[in-house]
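To start, the structure itself, in structure tokens.
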Amino acid sequence: MRTCLLILLLSLLFESGFAQEGMDIPLFVVEVNGGFSIPDEPKIKAHIKLIDNGPGQLNFVSDSGNIYDGNAGIEVRGAYSASLPQKPYGFETRDSLAENLNVSLLGMPEENDWILLANYNDKSFLRNSIAGQIFRSMGHYAPRTRHCEVIVNGSYNGIYVLTEKIKRDKNRVDIARLKETENSGDDVTGGYIFKTDYYSSGDSWTSSYPPFDKPDGTVHFVYEYPDPDDITEYQKRYLQDYVDSFEEVLHGPNFKNPVSGYAAYIDVNSFRDYFIISEVSRNVDAYKKSRFLFKDKESKGGKIHSGPAWDFDWAWKDIWDCYMFTNTDGSGWAYQVNDCDVWPTPPVYMTRLLQDEHFANNLKHRYRSLRETTLSTETIFSYIDSVTAYLDEAQKRHYTRWDILGENVGAPEVGYIPTTFNTEIGKFKNWIETRLSWLDSNMPGDENGPLGIPDQKEITLRLFPNPASDLVYIESDQPISRIEILQVSGARMLIHQDKTVFSSGINVSALPPGLYLVQIVLESGARISRKIVIN
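First residue of the sequence shown: 770, per my numbering; consecutive thereafter.
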């Protein structure tokens, strides 16, 4: 009994000592109302101070919250990560009436939904932030991050990564707001965020198609935005039908067609770049879990985008998992994860996309180009070195609190477990160098081969209304030669070469309800494809 009390007393003295020490990186001080432990939902009321006195200055618990000092709702988040001793948190900034309060934290755009990612499973503190940095450098949105230290109810919890939560917002996933009243026309076509992840019957739907590399598998998609409790039945049906149409084309014999094939449904470049970041990091979760997709309204492009990139704490290392992740020579493809019995089952569209030589060539060309810039060893190591230097003092406090260097905790790693922070960073760099070397020799495609039809984004074209029931109008800033309306199977339903009908209206009232492709052939020979829903 005396021994237990002594251990408890030493622990309290240890934690209170850190709580009084100045921190040289931003400091979160979280005080839960009543001193309660933070639950795994629902969010509990708390007061949060975020202190950042600037470079070269220390941040103390007693300082005022000069970045944020106010109300919040906070909960434990995550699946596996929530089972580890250092808990990850999700929190909302709130006003005095407990309503959402949009604020800017550490230079990030104003919002109210935030995440504090724990680092118990990432001894480098880098795996999530470097993946986001790379994906943003490739021209896509990924949650912004800032490293910080966290104290909860007087207890020092170590280094966290303050991260934007993935959600619809002009500064995050920039798609149209979808209201419950928007159930027809262009309104219902977006925006949506959905994902492959752990699911339940109430928050997901089942794909009509199995994965290409697992014919007996079943794929589930999870509604992310609108929330499963808010999305209407009309909106569910539209999104399901759109994904079904895309998958039908992808499984069909003409999937490579640059006009009526898969490229009519997805933003090809985002799928290409998501593949690159997922394979550079050899991320075990890239395709089966926390794998996001989003779609805007048809009037704003309307194609499915791959991303944002998310959840990399099991990436950038060799782990005891499916065979390709145990390899210590840098080899293996993360997208082939269905070779093992994984859950959730991912659709792994890459298996099919790589059968299109134009996609593969585009991929190879893009990878080679990135290896000269964003993915150069020099660029990556420079980022690692800057973060490592920034965290030099903080990591000492973290590993005093969490004495896990030299221990195989979290994701079960293969091989030697470094006993110091510097050797952990050295192992991280060596892994990246080895992986990039293997990818340099094995990336699919021919960088000098044909890349397919040129991008047509400079052409202005308007097709309306969408959905339609009787007449469809088409306006273009370039002369139109011919218009064809096809079923998603490729069967032609209507062909118009009479230029007078392009602006006066094409009668589609005789077509059965469903999703169709409209192919517009310009006098220049260029082809443009648009999707339309016939009611």
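Ideal Cβ placement from N, Cα and C applies to all residues, glycine included.
Problem - Nearest candidate by alpha-carbon position, reference ASN1107, set ASN1191, TRP1171 and THR987 - result: Within the sequence shown, residue 1107 is the residue found at index 338, counting from 1. It is THR987.
Exercise for the section: State buried or exposed for THR1097, treating a residue as buried only when at least 16 other CB atoms are found within 10 Å of its CB. Expected result: If you number the sequence shown from 1, residue 1097 lands on position 328. Under the 10 Å beta carbon count, THR1097 is surrounded by fewer than 16 other beta carbons and is classified as exposed.
Problem - Buried versus exposed, by CB contacts within 10 Å (16 or more), TYR1031 - result: On the sequence shown, position 262 is the one that residue 1031 refers to. So TYR1031 ends up on the buried side.
Practice task
Look at ASN861 and ASN871 and say whether their C-beta atoms are less than 8 Å apart.
Solution key: Within the sequence shown, the letter at position 92 stands for residue 861. Within the sequence shown, the letter at position 102 stands for residue 871. Sequence check: residue 861 is Glu here, not Asn. Taking the C-beta atoms as reference points, ASN871 is found no nearer than 8 Å to GLU861.
Problem - Closest residue to ARG905 among LEU874, ASP1065 and TYR1043 (Cα-Cα distance) - result: The count along the sequence shown starts at 1 and reaches residue 905 at position 136. If we check each option's Cα against that of ARG905, TYR1043 comes out closest.
Practice task
Entirely within the stretch 931-969 and at least 3 residues each: give me those beta strand (DSSP E) ranges in chain order.
Solution key: Correct list: 961-965.
Practice task
Could you tell me whether the stretch 1273-1289 touches the stretch 1241-1260, using the rule of 3 or more Cβ pairs below 8 Å?
Solution key: Proximity of the stretch 1273-1289 to the stretch 1241-1260 meets the contact definition, three or more beta-carbon pairs being nearer than 8 Å.
Practice task
Would you mind working out which of TYR967, GLY923, ALA911 and ASP955 sits nearest ASN940, comparing C-alpha positions?
Solution key: The count along the sequence shown starts at 1 and reaches residue 940 at position 171. A check of alpha carbon separations from ASN940 across TYR967, GLY923, ALA911 and ASP955 identifies ALA911 as the nearest.
Problem - Backbone CA spacing between ILE1289 and LYS1300 [nearest angstrom] - result: The sequence position of residue 1289 within the sequence shown is 520, counting from 1. The sequence position of residue 1300 within the sequence shown is 531, counting from 1. Straight-line measurement puts the Cα of LYS1300 at about 11 Å from the Cα of ILE1289.
Problem - Spatial neighbours of PRO995 in its chain, beta-carbon cut-off 6 Å, leaving aside the 5 residues before and after - result: For the purposes of this step, residue 995 is taken as residue 226 along the sequence shown, with counting starting at 1. Excluding positions up to five away in sequence, the list reads LEU947.
Problem - Counted within 10 angstroms of its Cβ, other Cβ atoms place ASP1172 as buried (16 or more) or exposed - result: Taking the first residue of the sequence shown as position 1, residue 1172 is located at position 403. Result: exposed.
Problem - 3-residue-minimum beta strand (DSSP E) runs that sit fully inside the stretch 778-866, ordered along the chain - result: Entirely contained in the stretch 778-866, the beta strand (DSSP E) runs reaching 3 residues are, in chain order, 796-801, 813-820, 837-845 and 858-863.
Problem - Which of helix, strand or coil DSSP assigns to TYR889 - result: Within the sequence shown, residue 889 is the residue found at index 120, counting from 1. Three-state DSSP puts TYR889 in coil, outside helix and strand.
Handout entry: SER1068, enclosing alpha helix (DSSP H) - first and last residue
Key = Within the sequence shown, residue 1068 is the residue found at index 299, counting from 1. It is not in any alpha helix (DSSP H) - SER1068 carries neither H nor E in the DSSP assignment.
Problem - VAL1241 - DSSP class collapsed to helix/strand/coil - result: Taking the first residue of the sequence shown as position 1, residue 1241 is located at position 472. For VAL1241, the three-state secondary structure derived from DSSP is strand.
Practice task
Identify whether VAL768 lies in helix, strand or coil by the three-state DSSP scheme.
Solution key: Missing from the structure shown is residue 768; the chain here goes from 770 to 1304 and no further.
Practice task
Give a yes or no on contact between the stretch 1122-1142 and the stretch 1063-1074, applying the rule of three or more CB pairs nearer than 8 Å.
Solution key: No, they do not touch.
Practice task
For chain C, find out if any of its Cβ atoms is closer than 8 Å to the Cβ of GLY859; answer yes or no.
Solution key: The structure shown has no chain C; it contains just one protein chain.
Problem - Cα-Cα separation between LEU1280 and ILE1303, rounded to whole angstroms - result: As a position in the sequence shown, residue 1280 is number 511, starting the count at 1. As a position in the sequence shown, residue 1303 is number 534, starting the count at 1. So the two alpha carbons sit approximately 7 Å from each other.
Exercise for the section: Apply the 10 Å Cβ neighbour rule to ASP1036 and answer buried if 16 or more other Cβ atoms are within range, or exposed otherwise. Expected result: Locating residue 1036 in the sequence shown gives position 267, where the first residue counts as 1. Buried is the call here.
Practice task
Using DSSP bridges, identify the partner residues of GLN1256.
Solution key: Position 487 of the sequence shown, counting from 1, holds the residue named residue 1256. In the DSSP assignment, the residues bridged to GLN1256 are TYR1285.
Exercise for the section: Give the range of the beta strand (DSSP E) segment to which LYS1300 is assigned. Expected result: On the sequence shown, position 531 is the one that residue 1300 refers to. Taken as a continuous stretch (DSSP letters only), the beta strand (DSSP E) holding LYS1300 covers 1296-1303.
Problem - Cβ shell of GLN789 (< 6 Å), same chain only, five flanking positions each side left out - result: Along the sequence shown, one-based indexing puts residue 789 at 20. There are no such residues.
Practice task
Could you have a look at VAL1290 and say whether DSSP puts it in helix, strand or coil?
Solution key: Against the sequence shown, residue 1290 aligns to sequence position 521. Looking at VAL1290 - three-state DSSP - the assignment turns out to be strand.
Problem - Cβ separation of VAL930 and ASN897, assumed to be a contact under 8 Å, to the nearest whole Å - result: The residue given as residue 930 occupies position 161 in the sequence shown. The residue given as residue 897 occupies position 128 in the sequence shown. At roughly 6 Å, the Cβ-Cβ gap stays under 8 Å, so VAL930 and ASN897 are in contact.
Practice task
Using the DSSP secondary-structure output, state which residues sit across from CYS1109 in a beta bridge.
Solution key: Position 340 of the sequence shown, counting from 1, holds the residue named residue 1109. Under DSSP, CYS1109 takes part in no beta bridge, so it has no partner.
Problem - Test item: CB-CB of TRP1079 and PHE1061 under 8 Å - result: Taking the first residue of the sequence shown as 1, we reach residue 1079 at position 310. Taking the first residue of the sequence shown as 1, we reach residue 1061 at position 292. The answer is yes: Cβ separation under 8 Å.
Exercise for the section: Identify which residue in VAL798, GLY859 and TYR849 has its Cα closest to the Cα of ASP838. Expected result: Within the sequence shown, residue 838 is the residue found at index 69, counting from 1. Ranking VAL798, GLY859 and TYR849 by Cα distance to ASP838 puts VAL798 first.
Practice task
Return the Cβ separation of GLY1175 and THR1188 in integer angstroms, given the expectation that the two are a contact with Cβ distance under 8 Å.
Solution key: As a working mapping, residue 1175 is identified with position 406 in the sequence shown. As a working mapping, residue 1188 is identified with position 419 in the sequence shown. Distance from GLY1175 to THR1188 at the Cβ level is roughly 4 Å; contact confirmed, criterion being Cβ atoms closer than 8 Å.
Exercise for the section: Work out the CA separation of LEU796 and ALA841 for me, nearest whole Å. Expected result: As a working mapping, residue 841 is identified with position 72 in the sequence shown. As a working mapping, residue 796 is identified with position 27 in the sequence shown. Roughly 16 Å separates the two Cα atoms.
Practice task
Ignore the nearest five residues each way along the sequence and tell me which others in ASN828's own chain have a CB closer than 7 Å to its CB.
Solution key: Within the sequence shown, residue 828 is the residue found at index 59, counting from 1. If we look at ASN828 and ignore the five residues flanking it on each side, its Cβ neighbours are GLY791, MET792, PRO795, LEU796, ILE820, ASP821 and ASN822.
Practice task
Check whether the Cβ of LYS1066 lies closer than 7 Å to any heavy atom of the ligand ZN, and answer yes or no.
Solution key: By its list of ligands, the structure shown contains no ligand whatsoever, and the ligand ZN lies outside what it can speak to.
Problem - Close-in-space but distant-in-sequence residues of the same chain around GLU1292 (CB under 8 Å, 5 per side omitted) - result: On the sequence shown, residue 1292 is found 523 positions in, with the first residue counted as 1. Hits under 8 Å: GLN1247, PRO1248, ILE1249 and SER1250.
Problem - Residue from ALA1237, ILE1252, MET1212 and ASN1211 with nearest C-alpha to LEU1230 - result: For the purposes of this step, residue 1230 is identified with residue 461 of the sequence shown, where counting begins at 1. The option with the nearest alpha carbon to LEU1230 is ILE1252.
Handout entry: Residue from ASP972, LYS1165, SER1210 and ALA1180 with nearest C-alpha to PHE1190
Key = Along the sequence shown, one-based indexing puts residue 1190 at 421. Per the Cα distances, LYS1165.
Problem - Own chain partners of ASP972 with C-beta closer than 8 Å, once the 5 adjacent residues on each side are dropped - result: Position 203 of the sequence shown holds residue 972. Excluding residues within five positions, the ones whose Cβ falls inside 8 Å are VAL991, TYR992 and PRO997.
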